[in-house]
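Count along the sequence shown starting at 1, add 372, and that's the number in the numbering used here.
Report on the following structure.
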Amino acid sequence: MNVLITGANGQLGRELQSVLRRGRADIGAVPAVYADATVTAVDADQLDITDAQAVTAFFTKTCPDVVFNCAAYTQVDACEENEADAARVNADGPAHLAAAAARIGAKLVHVSTDYVFDGAACEPYDEDAPTAPATAYGRTKQRGEQAVLAACDRVFVVRTAWLYGTEGHNFVATMRRLGASRDTVTVVDDQTGSPTYTEDLAWTLLALGATEHYGVYHATGAGSCTWCAFARAIMERAGNGCRVLPCTTAEYPSKTPRPAYSVLGHKALAAIGLDRIRPWEDALDAYFARTKNEG
Ligand SMILES: NC(=O)c1ccc[n+]([C@@H]2O[C@H](COP(=O)([O-])OP(=O)(O)OC[C@H]3O[C@@H](n4cnc5c(N)ncnc54)[C@H](OP(=O)(O)O)[C@@H]3O)[C@@H](O)[C@H]2O)c1
373 MNVLITGANG QLGRELQSVL RRGRADIGAV PAVYADATVT AVDADQLDIT DAQAVTAFFT
433 KTCPDVVFNC AAYTQVDACE ENEADAARVN ADGPAHLAAA AARIGAKLVH VSTDYVFDGA
493 ACEPYDEDAP TAPATAYGRT KQRGEQAVLA ACDRVFVVRT AWLYGTEGHN FVATMRRLGA
553 SRDTVTVVDD QTGSPTYTED LAWTLLALGA TEHYGVYHAT GAGSCTWCAF ARAIMERAGN
613 GCRVLPCTTA EYPSKTPRPA YSVLGHKALA AIGLDRIRPW EDALDAYFAR TKNEG
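Following this line, the structure appears as structure tokens:
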């Protein structure tokens with residue numbers, strides 16, 4: 373079994389490598405099909421997914437059986453200013469990966485986002501709900517989804533949201549840093565979503581990649597909360613005494629509109645018995661246990 377991970381230095385790419393190395397995550401063992409797998413983990417300096425020729429040559433050389441695409445242009449505000457650059461990474465790159473995978477019969481597990489939806493719902497989005505992105509990031513990711521689904525039969529599109537892990541930049545790391553030096557922080561309390569721990573997502577991606585159940589999936593932490601409630605849960609577990617004050621989106625405007633509601637339903641994962649992702653509070657406990665020496 374040859375496994376290829378693109379965008380391998382990002383927070384999800386690193387976690388996938390870690391779960392593969394350990395052979396298990398808290399929510400389950402890595403499927404046996406990956407035992408003794410040869411894992412090739414590359415980031416943009418070794419394989420720039422926007423370079424179609426390089427992607428083809430790399431696939432010919434390494435013959436992956438399963439490709440996990442964790443590469444993306446993820447800075448939401450920067451996407452707004454550089455939509456063409458973002459589209460190269462979030463739409464054209466995945467299209468190149470899908471075409472190369474189709475050529476050699478490899479599976480492609482492609483990661484996408486809640487930002488493909490408009491954020492105006494008040495109940496969880498199903499996998500087949502109409503997409504209507506309100507941002508450049510969401511538009512480029514939507515094009516990426518469409519491109520991979522069109523180019524490759526053996527493809528899984530896995531939408532996630534509010535991702536955090538032990539590596540890289542994310543909301544939990546930011547709150548821990550701020551909480552260590554401030555008495556109070558103010559956080560929006562009118563945007564709702566599902567915090568998702570990279571370890572739970574990584575296991576789910578590996579489990580999907582071991583099946584033939586191709587299609588569109590949602591994989592986020594179980595349950596939901598606002599950013600303010602999430603921040604409070606982080607400060608409590610960090611034990612730093614930092615108070616979290618609520619505010620509205622209108623009081624704390626960002627350059628790019630953030631979805632008011634981005635909870636994703638998990639019907640597709642449940643239908644194949646792979647909806648194992650924990651309640652977000654339990655996953656946050658596990659993350660703190662893993663990083664307990666980091667303050
Ligand atoms: N973070 C979230 O909250 C969130 C929410 C929903 C969905 N997602 C999706 O989850 C996936 C993983 O996100 P993440 O948080 O792990 O992202 P991340 O930490 O930003 O990692 C993305 C990785 O892709 C690399 N990359 C950028 N351009 C590339 C290129 N042209 N070729 C190859 N690699 C390239 C980046 O390298 P550089 O750092 O050098 O640019 C980085 O190592 C993405 O598909 C993202 O859209 C994330």
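Each residue gets a CB set at the ideal place from its N, CA and C atoms; glycine is no exception.
Predicted model only: the values in this text are computed from it and were never measured.
**OP:** Indicate the three-state DSSP secondary structure (helix, strand or coil) for Y659 in the structure shown.
**Re:** Looking up residue 659 in the sequence shown gives position 287. Correct three-state label for Y659: helix.
**OP:** Decide if S634 is buried, meaning its Cβ has at least 16 other Cβ atoms within 10 Å, or exposed.
**Re:** On the sequence shown, residue 634 is found 262 positions in, with the first residue counted as 1. A residue is called buried once 16 or more other Cβ atoms fall within 10 Å of its Cβ, and S634 is buried on that count.
Original post:
Where N381 and Y445 are concerned, what is the direct C-alpha to C-alpha distance, given to the nearest angstrom?
Top reply: Here residue 381 is taken as the residue at index 9 of the sequence shown, counted from 1. Here residue 445 is taken as the residue at index 73 of the sequence shown, counted from 1. C-alpha separation (whole angstroms): 13 Å.
Subject >> Start and end residues, beta strand (DSSP E) containing R615 >> reply: Within the sequence shown, numbered from 1, the residue matching residue 615 stands at position 243. R615 -> beta strand (DSSP E) spans 615–619.
**OP:** Kindly indicate which three-state DSSP category P466 falls into: helix, strand or coil?
**Re:** In the sequence shown, residue 466 corresponds to position 94, counting from 1. Reduced to three states, the DSSP call for P466 is helix.
Subject >> Boundaries (first-last residue) of the beta strand (DSSP E) holding V413 >> reply: The sequence position of residue 413 within the sequence shown is 41, counting from 1. Checking the sequence, you will find Ala at residue 413 rather than Val. Where A413 is concerned, the enclosing beta strand (DSSP E) stretches over 410–414.
Subject >> Alpha-carbon to alpha-carbon, I399 and A601 >> reply: Residue numbering aside, residue 601 sits at position 229 when the sequence shown is read from its first letter. Residue numbering aside, residue 399 sits at position 27 when the sequence shown is read from its first letter. When rounded, the distance between both Cα atoms is 24 Å.
**OP:** Pull up the distance between the alpha-carbon of V414 and that of V527, whole angstroms please.
**Re:** For this step, residue 414 is matched to residue 42 along the sequence shown. For this step, residue 527 is matched to residue 155 along the sequence shown. The alpha-carbon atoms of V414 and V527 are separated by roughly 20 Å.
Original post:
In the structure shown, what three-state DSSP assignment does G581 receive?
Top reply: Residue mapping note: residue 581 aligns to position 209 of the sequence shown, counting from 1. DSSP places G581 in helix when its eight states are reduced to three.
**OP:** Please find out if some non-hydrogen atom of ligand 1 comes closer than 8 Å to the beta-carbon of R548.
**Re:** Translated into the one-based positions of the sequence shown, residue 548 becomes position 176. No.
Original post:
Do G465 and N441 have their CB atoms nearer than 9 Å?
Top reply: For the purposes of this step, residue 465 is taken as the residue at position 93 of the sequence shown. For the purposes of this step, residue 441 is taken as the residue at position 69 of the sequence shown. Cβ atoms of G465 and N441: closer than 9 Å.
**OP:** Counting only runs of 3+ residues fully inside the stretch 526–601, write out the beta strand (DSSP E) ranges in chain order.
**Re:** 527–532, 556–560, 587–590
Original post:
Between the stretch 556–566 and the stretch 611–621, do three or more beta carbon pairs fall short of 8 Å?
Top reply: Result yes; three or more Cβ-Cβ pairs closer than 8 Å.
Original post:
Which word fits K513, buried or exposed, when buried means at least 16 other C-beta atoms lie within 10 angstroms of its C-beta?
Top reply: As a working mapping, residue 513 is identified with position 141 in the sequence shown. Under this definition K513 is a buried residue.
Original post:
Is it buried or exposed for R396, if we count other Cβ within 10 angstroms and need 16 for buried?
Top reply: Numbered from 1 along the sequence shown, position 24 holds the residue referred to as residue 396. Flag for R396 reads exposed.
Original post:
Can the beta-carbon of L580 be found less than 9 Å from the beta-carbon of V530?
Top reply: As a position in the sequence shown, residue 580 is number 208, starting the count at 1. As a position in the sequence shown, residue 530 is number 158, starting the count at 1. In contact: L580 and V530 (Cβ atoms closer than 9 Å).
**OP:** Please list the segments of the alpha helix (DSSP H) lying wholly inside the stretch 434–516, counting only runs of 4 or more residues, in order along the chain.
**Re:** As summarised for the stretch 434–516, the continuous alpha helix (DSSP H) elements at least 4 residues long and confined to that stretch are 448–453, 455–459, 465–476, given in chain order.
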